[in-house]
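The structure under discussion appears below in the form of structure tokens.
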Amino acid sequence: NIRGSGLVGSLGTDGQVFTSAGAGVGAVFEDAGGGGNYVFLNEEVISGTPNAVTFDGDFTSDYDIYKIYSNFRTSADVELYARFRRSDSDITASTYIWNNRNQYVNSDSGMADYIYGGYHNAYINLSRIHGGDDAGDSSVIELTLWHPLGTNNWKWLMSHSTGYNGNTFNCTTSGLDKSAVTALSGISLYLASSATFAAGDKFQLYGIKNSA
Numbered sequence: 406n407i408r409g410s411g412l413v414g415s416l417g418t419d420g421q422v423f424t425s426a427g428a429g430v431g432a433v434f435e436d437a438g439g440g441g442n443y444v445f446l447n448e449e450v451i452s453g454t455p456n457a458v459t460f461d462g463d464f465t466s467d468y469d470i471y472k473i474y475s476n477f478r479t480s481a482d483v484e485l486y487a488r489f490r491r492s493d494s495d496i497t498a499s500t501y502i503w504n505n506r507n508q509y510v511n512s513d514s515g516m517a518d519y520i521y522g523g524y525h526n527a528y529i530n531l532s533r534i535h536g537g538d539d540a541g542d543s544s545v546i547e548l549t550l551w552h553p554l555g556t557n558n559w560k561w562l563m564s565h566s567t568g569y570n571g572n573t574f575n576c577t578t579s580g581l582d583k584s585a586v587t588a589l590s591g592i593s594l595y596l597a598s599s600a601t602f603a604a605g606d607k608f609q610l611y612g613i614k615n616s617a
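According to our numbering, the stretch in the sequence shown is residues 406 to 617, in order.
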């Protein structure tokens, strides 16, 4: 609550910024301008030893594009999968189509390049994740999700992940769900088999603002 004789209006509202209104006029509270701004929406901090991370109920009409970022550890080498959510539940039908490209570099065999894909799977395979061998082994991921609330398009994602456990790997993945064009409520990331995420690691969700 900033007050003073030179201010135009005494109080702002939650989320507004404090800015000049010009020479001799004073200062005002205004809405932050500019589209394309990254806005922090939610964070999932790993507690215990789960094998899944879920975001649900975070999508709004303010954003058409969403990003998920994480630097995380797993208890073993394992695949990382994604499923979209509708009405607060994972879509588990075999309606996902995906492909990815993995590149590995290690001191024993040099470089290897693999291309994988799935048609009408019950998940999108984001990457083969390396972990569990040494304390410093970890992976990072950047995932992009388009128009989850749209009703005229299939639901798409793309991701890029990288990590190290003696091998350095990079994986780029694209995938979609063709079960329906109705709105999504969220997304789940989960590990295959009995592997688990490490306590304390964070998955963060951002929205890219549509307009001012």
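Ideal placement from N, C-alpha and C gives every residue a C-beta, glycine not left out.
Exercise for the section: Taking Asn505 as the reference, give the member of Ile520, Ser494 and Asp469 with the closest Cα. Expected result: Relative to Asn505, the option among Ile520, Ser494 and Asp469 whose CA is nearest is Ile520.
Practice task
Compare the C-alpha of Gly580 against each of Trp559, Ser598 and Asp518 and name the closest.
Solution key: The option with the nearest alpha carbon to Gly580 is Trp559.
Handout entry: Option in Val586, Val483, Ser494 and Ala597 with minimal Cα separation from Gly462
Key = Closest by alpha carbon: Ser494.
Practice task
Could you check if Ile443 is buried or exposed, using at least 16 other CB atoms within 10 Å of its CB as the buried criterion?
Solution key: One point to set straight first is that residue 443 is Tyr, not Ile, in the sequence displayed. Label assigned to Tyr443: exposed.
Problem - Contacting residues, own chain, Cβ-Cβ under 6 Å from Gly612 (five flanking each side not counted) - result: Within the same chain, Cβ atoms closer than 6 Å to the Cβ of Gly612 are found at Val444, Leu446, Tyr468 and Tyr471, the five residues on either side in sequence being excluded.
Practice task
Sort His535, Gly555, Asn615 and Ala600 by Cα distance to Ile546 and report the nearest one.
Solution key: Among His535, Gly555, Asn615 and Ala600, the Cα nearest to that of Ile546 belongs to His535.
Practice task
Output the boundary residues of the beta strand (DSSP E) element that contains Asp461.
Solution key: Segment Ala457 to Asp461, the beta strand (DSSP E) holding Asp461.
Practice task
Measure the CB-CB distance between Ile596 and Glu448 and report whether it falls below 9 Å.
Solution key: Note that residue 596 is Leu in the sequence shown here, rather than Ile. The criterion of a C-beta distance shorter than 9 Å is not satisfied by Leu596 and Glu448.
Practice task
Identify whether Ala588 lies in helix, strand or coil by the three-state DSSP scheme.
Solution key: Assigned with DSSP and collapsed to three states, Ala588 falls in coil, not helix or strand.
Handout entry: Cutoff 6 Å; reference His565; Cβ partners in own chain excluding five residues on either side
Key = Cβ contact annotation for His565 (same chain, cutoff 6 Å, sequence separation greater than five): Glu547 and Thr577, in chain order.
Exercise for the section: May I ask you to report which of helix, strand or coil DSSP gives Tyr528? Expected result: When secondary structure is reduced to three states using DSSP, Tyr528 falls in the coil class, being assigned neither helix nor strand.
Practice task
Quick one: using the 10 Å Cβ neighbour count with 16 as the cut-off for buried, is Thr479 buried or exposed?
Solution key: Per the 10 Å Cβ criterion, buried.
Problem - Span separating the alpha-carbon of Ser590 from that of Val433 - result: If you draw a straight line from the Cα of Ser590 to the Cα of Val433, it comes to about 37 Å.
Exercise for the section: Compare the C-alpha of Phe608 against each of Ser452, Phe464, Val422 and Gln421 and name the closest. Expected result: Nearest Cα to Phe608 within the set Ser452, Phe464, Val422 and Gln421: Ser452.
Problem - Arg491, DSSP secondary structure in three states - result: Strand, per DSSP.
Practice task
Identify the continuous beta strand (DSSP E) that holds Leu581 and give its terminal residues.
Solution key: From DSSP, the beta strand (DSSP E) with Leu581 extends over Thr573 to Asp582.
Handout entry: Whole-Å CB distance - Thr459 paired with Ser598, under 8 Å assumed
Key = In fact, because the Cβ distance is near 18 Å, the residues do not count as touching under 8 Å.
Practice task
Let me know if Asp582 comes out buried or exposed under the rule of 16 or more other beta-carbons within 10 Å of its beta-carbon.
Solution key: Buried is the call here.
Exercise for the section: Kindly indicate the opening and closing residues of the beta strand (DSSP E) around Asp469. Expected result: Counting along the chain, Asp469 sits inside the beta strand (DSSP E) bounded by residues Tyr468 to Phe477.
Practice task
Excluding the 5 residues preceding and the 5 following Asn615 in the sequence, name in chain order all residues of the same chain whose CB lies nearer than 7 Å to its CB.
Solution key: Sequence-distant Cβ neighbours of Asn615 in its own chain, meaning closer than 7 Å and more than five residues away, are Gly440, Asp467, Tyr468 and Asp469.
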